[in-house]
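First to last, the protein sequences are chains A and B. So the first sequence is residues 16 to 361, counted in the working numbering. So the second sequence is residues 524 to 861, counted in the working numbering. A virtual CB, placed ideally from N, CA and C, is assigned to each residue, including glycine. Given the structure is predicted, the values throughout are model-derived calculations rather than measurements. Worksheet for the structure shown next.
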Amino acid sequence: MIRGQFLDGETSALVDARLEVAGTLILLRHDDGTLLYQCQRNKISVSSRLGNTPRLISLDPDLGRHSFETDDNDGIDQLFQAESLSSSWMHKLETNLGLIAGASVFTIAFSFWLVVYGLPQGAAALAHSLPDTLITQMSAHTLDILDATHFEPSELSLAEQQRVHAALAPHVLNGKTSLHLRKWPPNALALADGSIVFTDELIRLAANDEGLIAIAYHELGHVEHRHLARRVLQGSAISVLLFLLTGDINDLDILVSLPTALVDLAYSRQFETEADQFALDAMTKNGIDPIHFANVMAKLAAWYEPDLAESDPSKNQDSPNLLRYLSTHPQTEERLAAIKAYQQAQ
Amino acid sequence: MTTPTATEVAQSAREVPFEFRGVGSEFFKIWIVNIMLTIITLGIYSAWATVRTNRYFYANTYLDSESFRYLADPITILKGRLIAVAGFIFYFVASNLFPVVGVLLAIALLFALPFFVIRSIAFSNRMTAYRNVQFRFKGTYGGAFMALLVWPMLGVLTLGILYPLALLKANQFVVSNCAYGATPFSFEAKTWDYGKVFLLFVGMLAATAAITFAVASTVSELASGIVAALGYILALGYITVSLINIYYNATSLGPHRLSAHLETVGYLKIFVSNAILTILTLGLYLPFAQVRMSNYRASHTTFLAEGSLSDFAAAEQQQVSALGDQLGEVFGFDVGAF
């Protein structure tokens, strides 16, 4: 006999009632014993147990939208073993402390593995298996958009432009890539369709062509490794994952968007390191001294952060070390150290 | 007998506080099993996880010794999710390959937005019951179009001057189209209620900017950064709390009224400590954080009952699919009635 409330589904009124099972019948009685409701046992459905929340029995739907609610979870479990068997396993998992501890460890370990290895490797495999035409389509119009918004036509003399083309072409142009010169602060970028852009200021800043070649290889590395596609795939995967895991409780939105952004920036830094490595290998293969890469990198760092470059770059003055996690590129001193390590390993 | 005055009516209303009885450690176990099973089933279990989470929060929210019920069937949610994810992949591939198609889809999505939102709210409402009477939503596409697209656009075009009114129109659209069974909700707020909150919010931001600048030039940049962060958080907390309070205080159901009295500092204490603890525990504190916040919000919300809560009538039956609800989530629409 289970105490609870009967609700008729027509109004919000509650009636205290007691539930009994009599053979194939469910009987609900008032406190004074008079019969309130009855139906066939095989017509009801019992809600699965969930923490300490009240249990809901949806009564025979053919008779109306009646329901019976009770706080007596143990009583319901005993009385309706058959009906709630299939759904009681969830509650068993949720109250098994050993399993909970294991699940916590598993979740953290799996999440770590997924973000650090699983997603990047999966995205790389997928990106490399996509046909070239798909990849190039991804940034077919990016250069046009950049020309319309940020870039201006190169102001180098025609002779100078041809000289740069001649110097870089044998290293960088492989049929899938094209070289473009633009006017903008010193920078170089690679688009998925193989367009590699150098700015006039960068060409002026580099002391020699070897530095430009180093940067060209770095950008080529981005194209060869399909970094843009991989970054897009990884970013989307993180979004879908978080959607699946957090469902609809969206009270604390920043806790979802902040980790997503930090992870995306971390991936970006990994890609930069991969492109650096590609450049060093390519330079070595072509007999160019990696020191030129280090030199042009130091020059770029000095141009963008003159205050920092004047002092010892290994000491950080005002900006705390944490800012490195908000950067799309690894810190310059890290990249310079990596080049030095590469040289020593040769 | 004379008819009662307004004060007498107000005094005769019974204050019935909301109460959240969920426990962080209890929900943590449900939450962690949800995640583990979702991972193992490659996401299929996520529908059951969502249902169990919502059931937990609804069933632990008490009003007058009775709690709410979440009635959705996981299979329905799963179907909706699969369709929604397929739609997302299609949109993603199409917009990356053919930017023009992507733009067209984005425009189509904009016009589909009111449709998804009303379906989403209707589904959420219908899946919510109190004392075995379900909530309803009868908002139309036209009403949603005005409230979600036209009014915010006006708010933007007037450089924010009409934004308080736009917000009022959006809230009014949602609440006045909700019903508990056969009894509709009504929404009564004045534009100035929103206006003064926004003015104070802008004032707080301006004061923060001024103090930050002063500190930067006298003390240090780092100190000014801290001042800016604190001021910004305070302003954000103030406007969040104030808008929630306006929303509930303007809502009534028949002769009954809702009332909310969240406080900026109290709310921020919970929000900020939640955020810090969640980050420090690599996310494991999240379920505790959600329970704490639900507890705070429930304990600062009251139902002013004019008589008994037993004489509400249910409305007729109708079918609403989960599709609108799930499509709304995947594409980031974030509107709920509760």
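Residue environment, residue i, which counts as buried when at least 16 other CB atoms sit within 10 Å
i: S82 (chain A); result: buried
i: D89 (chain A); result: exposed
i: T576 (chain B); result: buried
i: D47 (chain A); result: exposed
i: P778 (chain B); result: exposed
i: Y579 (chain B); result: buried
i: N768 (chain B); result: buried
i: V673 (chain B); result: exposed
i: F551 (chain B); result: buried
i: E320 (chain A); result: exposed
i: R219 (chain A); result: exposed
i: L776 (chain B); result: buried
i: P810 (chain B); result: buried
i: V556 (chain B); result: buried
i: Y132 (chain A); result: exposed
i: T169 (chain A); result: Checking the sequence shown, residue 169 (chain A) turns out to be Ser, not Thr. When all chains shown are included, S169 (chain A) counts as buried.
Sequence-distant residues of its chain with Cβ nearer than 6 Å to residue i (five each side left out)
i: Y717 (chain B); result: P687, L690, L691
i: R245 (chain A); result: A138, A139, A142
i: R80 (chain A); result: G24
i: P597 (chain B); result: A570, W571, V574
i: I91 (chain A); result: R70
i: A595 (chain B); result: V574, M650
i: I17 (chain A); result: L34, T85, D87, G90
i: T275 (chain A); result: I253
Sub-8 Å separation of residue i and residue j beta-carbons
i: I734 (chain B); j: G748 (chain B); result: no
i: F591 (chain B); j: A629 (chain B); result: no
i: S27 (chain A); j: V656 (chain B); result: yes
i: H186 (chain A); j: L158 (chain A); result: no
i: Y340 (chain A); j: A297 (chain A); result: no
i: Y770 (chain B); j: S782 (chain B); result: no
i: G704 (chain B); j: A828 (chain B); result: no
i: T343 (chain A); j: L273 (chain A); result: no
i: A758 (chain B); j: F724 (chain B); result: yes
i: D436 (chain A); j: T151 (chain A); result: Shown here, chain A extends from 16 to 361; a query on residue 436 (chain A) therefore has no answer.
i: Q20 (chain A); j: E84 (chain A); result: yes
i: I236 (chain A); j: A290 (chain A); result: Checking the displayed sequence, the identity of residue 236 (chain A) turns out to be Gly instead of Ile. Cβ atoms of G236 (chain A) and A290 (chain A): closer than 8 Å.
i: D87 (chain A); j: C54 (chain A); result: no
i: T825 (chain B); j: P540 (chain B); result: yes
i: I303 (chain A); j: E225 (chain A); result: yes
i: P201 (chain A); j: L315 (chain A); result: yes
i: R654 (chain B); j: L29 (chain A); result: yes
i: L51 (chain A); j: L40 (chain A); result: no
i: A32 (chain A); j: H45 (chain A); result: yes
Own chain partners of residue i with C-beta closer than 7 Å, once the 5 adjacent residues on each side are dropped
i: Y357 (chain A); result: L295, P305
i: Q695 (chain B); result: F710
i: K330 (chain A); result: At K330 (chain A), the pLDDT of 48 sits below 50, so the modelled position is not reliable; the number obtained from the coordinates is stated separately. Same-chain partners within the cutoff: there are none.
i: T774 (chain B); result: V698, F708, F710, L781
i: N583 (chain B); result: F543, R544, G545, S590
i: P637 (chain B); result: Y664, A667, F668, L671, L672
i: A352 (chain A); result: none
i: A751 (chain B); result: T731, T735
i: S618 (chain B); result: V624, G625, L628
According to DSSP, residues forming a beta bridge with residue i
i: A652 (chain B); result: B:R592, B:Q657
i: H195 (chain A); result: A:V212
i: I228 (chain A); result: According to DSSP, I228 (chain A) bridges with nothing at all.
i: I17 (chain A); result: A:L34
i: V539 (chain B); result: B:F826
i: H779 (chain B); result: B:L776
i: L204 (chain A); result: A:V212
i: F83 (chain A); result: A:F21, A:I72
Cut-off 8 Å between Cβ atoms - residues of its own chain near residue i, not counting five sequence neighbours on either side
i: S699 (chain B); result: P707, F708, S709, F710
i: W199 (chain A); result: H165, F166, E167, T214, D215, E216
i: Y819 (chain B); result: L785, G789, Y790, I793
i: L227 (chain A); result: V179, A182, L183, F213, L217, I218, A221, V311
i: F293 (chain A); result: Y232, H233, L235, G236, E239, H240
TODO: Jot down the residue ranges of each uninterrupted beta strand (DSSP E) in the stretch 584 to 647 of chain B, minimum 3 residues, whole runs only, in chain order.
DONE: 584 to 586, 589 to 593
- [ ] Would you mind listing the alpha helix (DSSP H) stretches within the stretch 787 to 841 of chain B that are 4+ residues and don't spill past its ends, in chain order?
- [x] 787 to 803, 809 to 822
- [ ] Please specify which runs of the alpha helix (DSSP H), each continuous and at least 4 residues long, are wholly inside the stretch 23 to 73 of chain A, giving them in chain order.
- [x] DSSP runs (the alpha helix (DSSP H)) wholly in the stretch 23 to 73 of chain A: none.
Task: Continuous alpha helix (DSSP H) assignments of at least 4 residues falling wholly in the stretch 108 to 190 of chain A - done: 112 to 128, 134 to 144, 147 to 153, 157 to 164, 173 to 187
Task: Residue ranges of each beta strand (DSSP E) within the stretch 656 to 709 of chain B, 3 or longer - done: Those beta strand (DSSP E) runs which fall completely within the stretch 656 to 709 of chain B and span 3+ residues are 656 to 660, 701 to 703.
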